[in-house]
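Scroll down for the structure; my scribbles are underneath it.
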Amino acid sequence: QKEVEQDPGPLSVPEGAIVSLNCTYSNSAFQYFMWYRQYSRKGPELLMYTYSSGNKEDGRFTAQVDKSSKYISLFIRDSQPSDSATYLCAPRDTGFQKLVFGTGTRLLVSP
Amino acid sequence: DGGITQSPKYLFRKEGQNVTLSCEQNLNHDAMYWYRQDPGQGLRLIYYSQIVNDFQKGDIAEGYSVSREKKESFPLTVTSAQKNPTAFYLCASSLGLANEQFFGPGTRLTVL
Chain A
36 QKEVEQDPGP
46 LSVPEGAIVS
56 LNCTYSNSAF
66 QYFMWYRQYS
76 RKGPELLMYT
86 YSSGNKEDGR
96 FTAQVDKSSK
106 YISLFIRDSQ
116 PSDSATYLCA
126 PRDTGFQKLV
136 FGTGTRLLVS
146 P
Chain V
468 DGGITQSPKY
478 LFRKEGQNVT
488 LSCEQNLNHD
498 AMYWYRQDPG
508 QGLRLIYYSQ
518 IVNDFQKGDI
528 AEGYSVSREK
538 KESFPLTVTS
548 AQKNPTAFYL
558 CASSLGLANE
568 QFFGPGTRLT
578 VL
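Heads up: the sequence lines are chains A and V, in that order.
Every position in the first sequence, counted from 1, becomes a number in the numbering used here once 35 is added.
Every position in the second sequence, counted from 1, becomes a number in the numbering used here once 467 is added.
Right under this line is the structure:
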């Protein structure tokens with residue numbers, strides 16, 4: 036079993052839809068949960084990160100962590116064609132433990 | 468503008484040749500990292516460095532070497548010992564090892 040699992044997609048939605056992107060993980064020691072967005076042939080850019088369980092909101096993006104079920108979600112409201120990218124979740128332990136990346140979910144938002 | 472630069476963007480090499488990928492950052496970050504990205508797989512850590520003149524192996528260090536002679540530079544050499552070198556290589560940096568990582572634009576290496 037992989038430490039972090041993500042559905043590779045693609046997930047296709049119309050502009051304006053609410054998007055839900057998800058990851059599951061197996062390591063209960065993970066405390067920090069990052070979301071990166073990666074456009075085609077570019078480096079990943081950090082979108083959001085959360086510590087432990089709970090929600091964090093930033094504009095149209097909301098990150099949610101449920102440690103009891105080891106489930107991480109990223110919600111995008113009012114999705115735009117410019118949101119079309121691959122979204123990578125990357126949890127890690129405290130201190131320096133390496134980021135463990137999921138394979139990413141490819142999102143396509145059509146106008 | 469502060470950021471991370473990687474050069475070149477695309478690199479072609481013949482099998483059996485060593486090749487060095489450049490990574491420079493002007494963010495004054497202490498920690499730097501090299502990752503490899505392959506289709507259908509998550510990013511995998513090759514090497515990381517916490518401070519100048521210090522670096523550690525990641526999960527897939529075999530066939531790679533690094534140096535950290537300056538704070539802003541962390542070049543990666545892909546040696547002929549790396550069995551499957553064709554991939555997208557990403558450099559990242561962070562303030563410290565426990566801080567969030569920021570990525571460069573990547574170098575796509577193709578070995579013919």
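Glycine residues also receive a C-beta, built at the ideal position from the N, C-alpha and C atoms.
Cβ separation of residue i and residue j, assumed to be a contact under 8 Å, to the nearest whole Å
| i | j | result |
| --- | --- | --- |
| E491/V | S540/V | 5 Å |
| Y514/V | G525/V | 6 Å |
| L562/V | D521/V | At roughly 16 Å, the Cβ-Cβ gap does not stay under 8 Å, so L562/V and D521/V are not in contact. |
| M69/A | E536/V | That belief does not hold up - the Cβ atoms of M69/A and E536/V are roughly 29 Å apart, past 8 Å. |
| L557/V | G94/A | Contact doesn't hold; Cβ gap of about 25 Å is too wide. |
| L82/A | F96/A | 6 Å |
| K476/V | P572/V | 7 Å |
7 Å CB neighbourhood of residue i in its chain, flanking five on each side removed
| i | result |
| --- | --- |
| A120/A | R72, Q73, Y74 and L142 |
| A554/V | R503, Q504, D505 and L576 |
| V48/A | V54, S114 and V144 |
Residue-chain proximity (residue i, chain A), Cβ-Cβ < 8 Å
| i | result |
| --- | --- |
| L579/V | no |
| G470/V | no |
| E567/V | yes |
| G530/V | no |
| L576/V | no |
| P572/V | yes |
| L488/V | no |
For residue j and residue i, the rounded distance between their alpha carbons
| i | j | result |
| --- | --- | --- |
| I545/V | S87/A | At residue 545/V the sequence reads Val, which differs from the Ile that was named. So the alpha carbons of these two residues sit roughly 37 Å apart. |
| E92/A | V100/A | 12 Å |
| D128/A | Y122/A | 20 Å |
| Q41/A | E50/A | 23 Å |
| V519/V | F569/V | 18 Å |
| T574/V | Y84/A | 26 Å |
| K133/A | L512/V | 8 Å |
| L510/V | F136/A | 6 Å |
| Y106/A | V39/A | 10 Å |
| T138/A | P45/A | 12 Å |
| T140/A | S108/A | 12 Å |
| P116/A | A52/A | 11 Å |
| L494/V | T472/V | 11 Å |
| A548/V | A559/V | 24 Å |
| P146/A | R112/A | 15 Å |
| K37/A | S516/V | 26 Å |
Cβ shell of residue i (< 6 Å), same chain only, five flanking positions each side left out
| i | result |
| --- | --- |
| S474/V | S489 |
| K538/V | V519 |
| I527/V | R511 and I513 |
| P43/A | T138 |
Beta carbon proximity, residue i to chain V, threshold 8 Å
| i | result |
| --- | --- |
| L134/A | yes |
| G137/A | yes |
| V48/A | no |
| V54/A | no |
| V39/A | yes |
Contacts around residue i, its chain only, beta-carbon distance under 8 Å, and the 5 residues preceding and following it disregarded
| i | result |
| --- | --- |
| P542/V | T487, L488, S489, C490, V533 and S534 |
Quick one, which residues of the segment 75 to 99 of chain A are near chain V if we go by CB-CB under 9 Å, in chain order?
So the close ones are R76, K77, G78, P79, E80, L81 and Y84.
Residues in the segment 470 to 485 of chain V with C-beta within 9 Å of chain A's C-beta atoms, listed in sequence order?
So the close ones are I471, Q473 and K476.
Please name the residues in the segment 494 to 509 of chain V whose beta-carbon is closer than 7 Å to at least one beta-carbon of chain A, in chain order.
G507, Q508 and G509
Short of 8 Å Cβ to Cβ, which residues in the segment 537 to 548 of chain V face chain A?
none
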